[in-house]
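Step one of this worksheet: look at the structure below.
2 protein chains.
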Amino acid sequence: MRPTVHDIAEAAGVSLATVDRVLNRRPGVRTQTRAKVEDAIARIGFIRDMAAANLAKSRIYPLVFIVPQGENSFMAGLRSEVEAAAGRSMQERIAIRLIDVPAFDAAALVKCLESLLEIPPAGVAVVAVDAPEVHAAIERLRETGTIVVTLVSDLPAALRDHFAGVDNVAAGRTAGRLMGRFLAGRQGKVAVIAGSMLVGDHRDRLEGFRERLHDIAPSLQILPVMESHDDPNAAHALVADTLSDHPNLAGIYNLGAGNRGLVKALEARRHAAGVPVTIVHELTPFTREALQTGLIDAVLNQDAGHEVRSAIRVLKARIDGQPVVAAQERIRIDIFLKDNLP
Amino acid sequence: MRPTVHDIAEAAGVSLATVDRVLNRRPGVRTQTRAKVEDAIARIGFIRDMAAANLAKSRIYPLVFIVPQGENSFMAGLRSEVEAAAGRSMQERIAIRLIDVPAFDAAALVKCLESLLEIPPAGVAVVAVDAPEVHAAIERLRETGTIVVTLVSDLPAALRDHFAGVDNVAAGRTAGRLMGRFLAGRQGKVAVIAGSMLVGDHRDRLEGFRERLHDIAPSLQILPVMESHDDPNAAHALVADTLSDHPNLAGIYNLGAGNRGLVKALEARRHAAGVPVTIVHELTPFTREALQTGLIDAVLNQDAGHEVRSAIRVLKARIDGQPVVAAQERIRIDIFLKDNLP
DNA sequence: CTGAAAGCGCTTACAG
DNA sequence: CTGAAAGCGCTTACAG
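Protein chains in written order, with our numbering: chain Y, 843 to 1184; chain L, 843 to 1184.
This is the structure we're talking about:
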């Protein structure tokens, strides 16, 4: 049988309460006593039963998720995954509070983070805006002992405990390679649309895309990057204009949101001769349909459900100082074609 | 506070033991009493704390994994994932026994399954060989109450409780589309290598590949399918011969294992003019390196770690009659290019 | 067929 | 600084 706290108590010649104090690094134990217990723990090879501990504590992990608001389909999906997880909170001993903040708004995010300072939750998952004032607010929060995981959009590694999201430079490179391969030796122009060059993810994707496309298809020319601010209407206008300016456009890469508008603009040209190779990010009802009808050629995706579940697992583990299964927490860059849709 | 068994007992006017009997569908409760308790459960909205239940039961889930032996890198990876999970068995309250059986050997698998009949484990995960005698053996095992999950290679759905693996027809279609797109309008011949046409997965992949390639690139001609029996040496010979017979070969699709040999054959022609577009299955040390050096263009993959963890989660849930998070248990068809390698 | 009591492995007041 | 006892939510002999 696997050893329990009783075995440690006996081996160390102390009571259960003392074992517990040592196990949980609580103060009020003589150094000598502590040493005795720690020795016994090591000797016996004790592995703690966290489930039993949580039961005894009636423990609930208070978790906060901070997600940008707006009609963006990806963020809506992310939010609904958080809600789904909240629906399992009983079984997982978590209490999730989901807070909406205005998108791309560092000041609002800071305010939200500061509001958590009063009753700091055990863990926070936040879609980060990468700004100095946000860094400072996160630093303060972490000083209270709160574990902070960035979600989807990262911060410098030293500022957070973990990142639940994809490597966006690699995602951009992947898009670049697919574009280059699908256009196999063709010459022509490729349009790139970003949400905003102020956001780290988008900058990263652009960097990767440019590098790789230049690498493997130097005959393709990337047009000046356009910004949609993740707004479908803006994306629609940008794509429609580009298509009429460049009737032979070879490719389109939308590395931001607003695909609804992009699809609409492509739809209008569905029966034109040369339709551009189109690669976008995030599987949503709109991009899924466009992939199925052939308007879009590939969708790069990050699995929002995986990100949320992973953030929760990592938060719980870090709160308890427990290890995680690293491979399980790596978020893949999914490539979806029409044929491998989930 | 969330209701507990005590609340039910009180509401139903019975003892804890009776509540427990009803909760666990144990016999020896008058229909009337049972109804009273069930009523109280529904009325109060009771959700059982499985962690507490497992603690009280000192429950350990005895699980068996049956995996084909052989030097196949993918299966080796699968095996090591099972071992990694076994290493976490303390924390997850599981006891995993890993059994090796000869590959593609229905009789050996049947024997193995029959040996489990003596002390039937709570759950079995098996890389299935699709043969009538295997069907029968699984049926007998399930009659003892054992939950059976197929792993990697499936059986007809009615015969097992769950499949932890990918849709191989879709995987074949995905390969077909990539091949067609990467060859963009080129004419030429495409070689296909299977492990064995006796295995369901391989048949499925071939079917999907043929269908899609014919669909989107009718100018490409698929050569008669070759069988490597998943042997690297055989794969090497087949590829080398094909390359010398068809110096302008447009593409190669290996839907089985043995990639080590395939890579070696390609390597020998590294500096030849037209290297064929090459698509293979399963990310292993060999295919990873070939992807990185550019000998292979794309690797379709199923995440063995995910499959094993998923199989365990599903087995535990089914054993307890608990629900699972469906999206979490769907195994993706990963597409790896050089740029999105994990 | 039903229930009172002890126990799973850990934690928490409370007393000393 | 240390310990005895009760308790977390559920289950299990055992007695009736």
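Even glycine gets a Cβ: it sits at the ideal position worked out from N, Cα and C.
All values derive from a computational prediction rather than experimental measurement.
Considering Cα atoms alone, identify which of the options is closest to residue i.
i, options, result
"residue 1034/L", "1057/L, 976/L, 1000/L, 1099/L", "1099/L"
"residue 1106/Y", "983/Y, 975/Y, 1132/Y, 1019/Y", "1132/Y"
"residue 1068/Y", "1062/Y, 1046/Y, 1038/Y", "1038/Y"
"residue 943/Y", "921/Y, 926/Y, 965/Y, 910/Y", "910/Y"
"residue 1016/L", "845/Y, 1184/Y, 1179/Y, 896/Y", "1179/Y"
"residue 1148/Y", "927/Y, 983/Y, 861/Y, 894/Y", "927/Y"
"residue 1070/L", "1050/L, 1044/L, 1057/L", "1044/L"
"residue 971/Y", "979/Y, 983/Y, 882/Y", "979/Y"
"residue 1064/Y", "1074/Y, 1079/Y, 1048/Y, 1075/Y", "1048/Y"
"residue 1084/Y", "1057/Y, 1118/Y, 876/Y, 1023/Y", "1118/Y"
"residue 961/L", "935/L, 973/L, 988/L", "988/L"
"residue 854/Y", "868/Y, 866/Y, 843/Y, 880/Y", "880/Y"
"residue 843/Y", "1125/L, 937/L, 1154/L", "937/L"
"residue 940/L", "897/L, 914/L, 969/L, 1025/L", "969/L"
"residue 905/L", "892/L, 924/L, 893/L", "924/L"
"residue 1104/L", "1092/L, 1128/L, 1155/L", "1128/L"
"residue 1004/L", "1184/L, 1150/L, 849/L, 852/L", "1150/L"
"residue 1073/Y", "1102/Y, 1141/Y, 1089/Y", "1102/Y"
"residue 1059/L", "1141/L, 918/L, 922/L, 1032/L", "1032/L"
"residue 932/L", "1142/L, 901/L, 948/L", "901/L"
"residue 1079/L", "1053/L, 1090/L, 1110/L", "1110/L"
Our contact map puts residue i next to residue j with C-beta atoms below 8 Å; I'd like the distance itself, whole angstroms only.
i, j, result
"residue 986/L", "residue 1002/L", "Going by Cβ atoms, the distance from residue 986/L to residue 1002/L rounds to 15 Å, so no, they are not a contact pair."
"residue 995/L", "residue 1014/L", "Going by Cβ atoms, the distance from residue 995/L to residue 1014/L rounds to 14 Å, so no, they are not a contact pair."
"residue 1221/L", "residue 1096/L", "Nothing about residue 1221/L can be read from this structure; chain L reaches only from 843 to 1184."
"residue 856/Y", "residue 878/Y", "7 Å"
"residue 1021/L", "residue 1121/L", "6 Å"
"residue 916/L", "residue 1040/L", "18 Å between Cβ atoms; not a contact."
"residue 1161/Y", "residue 965/Y", "6 Å"
"residue 1055/Y", "residue 1018/Y", "4 Å"
"residue 863/L", "residue 896/L", "The Cβ separation is near 18 Å, so there is no contact."
"residue 1139/L", "residue 1051/L", "Not a contact, Cβ separation roughly 15 Å."
Assign residue i to one of two classes, buried (16 or more other C-beta atoms within 10 Å of its C-beta) or exposed (fewer than that).
i, result
"residue 899/L", "exposed"
"residue 953/Y", "exposed"
"residue 1134/L", "exposed"
"residue 1177/L", "buried"
"residue 1075/Y", "exposed"
"residue 1087/Y", "exposed"
"residue 790/Y", "The structure shown does not extend to residue 790/Y, since chain Y spans only 843 to 1184, so no value can be given for it."
"residue 959/L", "exposed"
"residue 810/Y", "Outside the shown range of chain Y (843 to 1184) lies residue 810/Y, about which nothing can therefore be said."
"residue 858/L", "exposed"
"residue 889/Y", "exposed"
"residue 1093/Y", "buried"
"residue 1061/L", "exposed"
"residue 1124/Y", "buried"
"residue 1144/L", "buried"
"residue 1152/Y", "buried"
Name, please, each residue of chain Y whose Cβ falls closer than 9 Å to the Cβ of residue i.
i, result
"residue 1147/L", "1167, 1169, 1170"
"residue 889/L", "932, 933"
"residue 844/L", "932"
Applying a beta-carbon distance threshold of less than 9 Å, which residues of chain L neighbour residue i?
i, result
"residue 1176/Y", "1174, 1176, 1177, 1182"
"residue 1024/Y", "1023, 1024, 1026"
Counting only Cβ pairs nearer than 7 Å, list the residues of chain Y close to residue i.
i, result
"residue 1021/L", "Here the premise fails: no neighbours, minimum Cβ distance about 11 Å."
"residue 1015/L", "1181"
"residue 1012/L", "1181, 1182"
So residue i contacts chain L; which residues on that side make the cut at Cβ distance below 7 Å?
i, result
"residue 897/Y", "893, 894, 897"
"residue 1151/Y", "1170"
Which bits of chain Y does residue i rub up against, with CB to CB less than 8 Å?
i, result
"residue 917/L", "Ordered by position in chain Y, no residue passes the 8 Å Cβ test against residue 917/L, which lies about 18 Å from the chain."
Taking Cβ-Cβ distances shorter than 8 Å, what residues in chain L pair up with residue i?
i, result
"residue 1054/Y", "1181"
Original post:
What runs of the beta strand (DSSP E), each 3 residues or longer, lie entirely inside the region 1010-1073 of chain L?
Top reply: Under the rule that a run must span 3 or more residues, the beta strand (DSSP E) segments found entirely inside the region 1010-1073 of chain L read 1030-1036, 1062-1064.
**OP:** Return the chain-ordered ranges of every alpha helix (DSSP H) run that is complete within the region 885-927 of chain Y and spans a minimum of 4 residues.
**Re:** Listed in chain order, they are 892-899.
Original post:
Which parts of the region 965-1013 of chain Y are runs of the beta strand (DSSP E), unbroken and 3 residues or longer, counting only runs that do not cross its ends?
Top reply: Within the region 965-1013 of chain Y, the runs of beta strand (DSSP E) at least 3 residues long that lie entirely inside it are, in chain order, 965-968, 989-993, 1004-1006.
**OP:** Run through the region 1118-1171 of chain Y for me and flag every whole alpha helix (DSSP H) of 4 or more residues, listed as ranges in chain order.
**Re:** Complete alpha helix (DSSP H) runs here, min 4: 1127-1135, 1146-1162, 1168-1171.
**OP:** Enumerate, from N- to C-terminal direction, the unbroken alpha helix (DSSP H) stretches of 4 or more residues contained entirely within the region 935-969 of chain Y.
**Re:** Taken in chain order, the whole alpha helix (DSSP H) runs of length 4 or more contained in the region 935-969 of chain Y are 948-957.
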